[in-house]
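Residue numbers (my numbering), protein chains in the order written: chain A, 49 to 276; chain B, 49 to 276.
Structure, as structure tokens:
2 protein chains.
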Amino acid sequence: MTKTKIAIIVAGGKGVRMQTDIPKQFIEIQGKPILMHTLEAFQRYDAFIQLILVLPVDQINAWQELCKRHSFSVQHQIVAGGDNRFHSVKNGLEVIPANALVAVHDGVRPLVSTETIARCFEEAEKYGTAIPVIDPVDSIRQITANGSQSVDRTLYKLVQTPQVFDGEMLKKAYGQNFSPLFTDDASVVEALGEEIKLVKGNRENIKITTGFDLELAEILIKSKNMKS
Amino acid sequence: MTKTKIAIIVAGGKGVRMQTDIPKQFIEIQGKPILMHTLEAFQRYDAFIQLILVLPVDQINAWQELCKRHSFSVQHQIVAGGDNRFHSVKNGLEVIPANALVAVHDGVRPLVSTETIARCFEEAEKYGTAIPVIDPVDSIRQITANGSQSVDRTLYKLVQTPQVFDGEMLKKAYGQNFSPLFTDDASVVEALGEEIKLVKGNRENIKITTGFDLELAEILIKSKNMKS
């Protein structure tokens, strides 16, 4: 039996790092909030995917207003977020059905490609886990007690989202106590002893965290719209 | 006595990863080869900096033709490269004067900011070494014997160029036998037992290695030109 495809979009940003009052995910690119671009990317991949949007409680009204104003038609269920990313994902997991494949994706990664989403779901269907990674282009240094040291960059990967998992496995993982080492969903699942399957991400799939990222995302979305 | 400022620009690219016949560094952005943008960045920082350009032997004629065609007026000395980056830098070091501060910079990083170059020279003047780094935005995984594992990304930095060193120290470092672990100049100097001083790089300072990077660099250079 085919599993139900779910995507939990986590949008917890408070705009702190961007030094603006608007939460990052509500900033408009090409006349549309970043978060709408992100939801649309998943709908482009599969028109029937079930979308769960996790938002800070105090942003839910503003989001619903934005949806009205933009006549945003992508169906999604809204869930109130928790104190941090871990608890937000946990809240999202409470509403998923049984026998699901669940993608967890950063709300501020609007440039994920259809191919990346597809690769993650395909591999997670086979292996139970799949996350998109890319090779670092730059050299990498590790901070040490005495300063820092060069490390072999071919042994490292940069991790993106969506991170896709078997639904039951993911729920079990998020049943664990929170640890500050949980920086993404893979690290939570890994703490169960599960192996994480790595698949190819796409370079454009940046996480918008600084003004530079925002400029870059604007340019990339503009050029994508011109091509299509 | 103030040390002489030198920048060795290493341009060894064969265009392999870009799947084009034109060497990466000769590809034009806004009507000008990438390498000219790079040399200009150093001249903007200091009009009197001595520029040494290390080029593969079989590209020197083509480069000189390009300089004529573009009436390129930034003074620089050309040195023939070696079999790999290590030997190319080594060749460049043979022509530097005594009592110098030497920056080594990738020819395909045209977007280095004046501020980044300045920070590196200032700190290297004090400490003998300085390299620009930025924080990774994404989670990082390390490849292991059995698969991969999540690591604490706050312990890692992504390394850029220019990497600036006391000239005598750098020459001594490049007197060592080549090791495949030498991925940048810092790793070569570090093998002497020297500590590497880390300074803030700039996010735009990307190394152009893929078609995506090229598109990105075009956009960034275009928007910079519009502002200035």
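Positions of the beta carbon are idealized from the N, C-alpha and C atoms, including for glycine.
In this text the structure is predicted, and so the values were computed from the model without any measurement.
Secondary structure of Y222(B), DSSP reduced to three states: coil
When you compare the region 160 to 177 of chain A with the region 202 to 221 of chain A, are there three or more beta-carbon pairs, one atom per stretch, that lie closer than 8 Å? yes
Could you confirm whether any beta carbon from chain A is found closer than 8 Å to the beta carbon of F260(B)? yes
Please state if the CB of G155(B) and the CB of T231(B) are separated by a distance shorter than 8 Å. no
Rounded distance between the beta-carbons of L206(A) and P184(A), thought under 8 Å: 6 Å
Shorter than 8 Å from the beta carbon of A166(B) to some beta carbon of chain A? no
Which residues, taken in chain order from the region 152 to 166 of chain A, show a beta carbon closer than 7 Å to some beta carbon of chain B? none
Integer-rounded CB distance, given that L203(A) should sit under 8 Å from Q190(B): 6 Å
Would you say D232(B) lies against chain A (beta-carbon separation less than 8 Å)? yes
Residue-level contact to chain A via CB, I97(B), 8 Å cutoff: no
On the CB-based measure, 16 or more other CB atoms within 10 Å of its CB, does S121(B) come out buried or exposed? exposed
Counting C-beta neighbours from all protein chains within 10 Å, is the total for K245(B) 16 or more, i.e. buried, or is it exposed? buried
CA-CA distance, R92(A) and E171(B)? 49 Å
Where Q91(B) falls: helix, strand or coil (DSSP): helix
Does any CB atom of chain B fall closer than 8 Å to the CB of D214(A)? no
Cβ pair A265(A), I70(A) closer than 8 Å: no
CB contact below 8 Å: R201(A) versus chain B: yes
Going along chain B, which residues have a C-beta under 7 Å from L206(A)? P184, D186 and I188
Within chain A, the residues that I181(B) reaches when beta carbons sit closer than 8 Å: According to the sequence shown, residue 181(B) is Val rather than Ile. Those are R189, listed as they occur along chain A.
In its own chain, which residues sit with a C-beta less than 6 Å from the C-beta of T52(B), not counting the 5 before and 5 after it? P145 and A148
Which residue comes first and which comes last in the alpha helix (DSSP H) that contains I235(A)? It should be noted that the sequence gives Ser, not Ile, for residue 235(A). Segment D233 to E238, the alpha helix (DSSP H) holding S235(A).
Taking the C-alpha atoms as reference points, what is the distance between E243(A) and L114(B)? 52 Å
For Q78(B), which three-state DSSP category applies? coil
Near-chain B residues of the region 227 to 258 of chain A - C-beta to any C-beta below 8 Å: L229, T231, D232, A234, S235, E238, E243, I244, L246, R251, E252, I254, K255, T257 and T258
What do you get for T162(A), buried or exposed, if any count of 16 or more other CB atoms within 10 angstroms of its CB means buried? exposed
Do you know how far the Cα of L240(B) is from the Cα of A221(B)? 6 Å
Taking 8 Å as the limit between beta carbons, can you name the residues of its chain near E238(A), skipping five residues before and five after? I244
Flag this pair as yes or no: are the beta carbons of I75(A) and L268(A) separated by less than 8 Å? no
Beta-bridge partners of P180(A), as assigned by DSSP: V247(A)
Which residues in chain B sit within 9 Å of S119(A), going by Cβ to Cβ distance? Per Cβ cutoff of 9 Å: no residues; S119(A) is ~30 Å from chain B at best.
Which residues of chain A have a Cβ atom closer than 9 Å to the Cβ of G195(B), listed in chain order? E243, I244, K245 and L246
Kindly list the residues whose CB is nearer than 7 Å to the CB of F260(B), restricted to its own chain and excluding five residues on each side of it in sequence; keep chain order. none
Using a C-beta to C-beta distance shorter than 7 Å, which residues of chain A count as neighbours of I267(B)? I267
Hey, Q73(B) and L99(B) are a contact pair by Cβ (cut 8 Å); roughly how many whole angstroms apart? Wrong, their Cβ atoms sit about 14 Å apart, outside the cutoff.
Could you check whether the Cβ of S136(A) sits closer than 8 Å to any Cβ belonging to chain B? no
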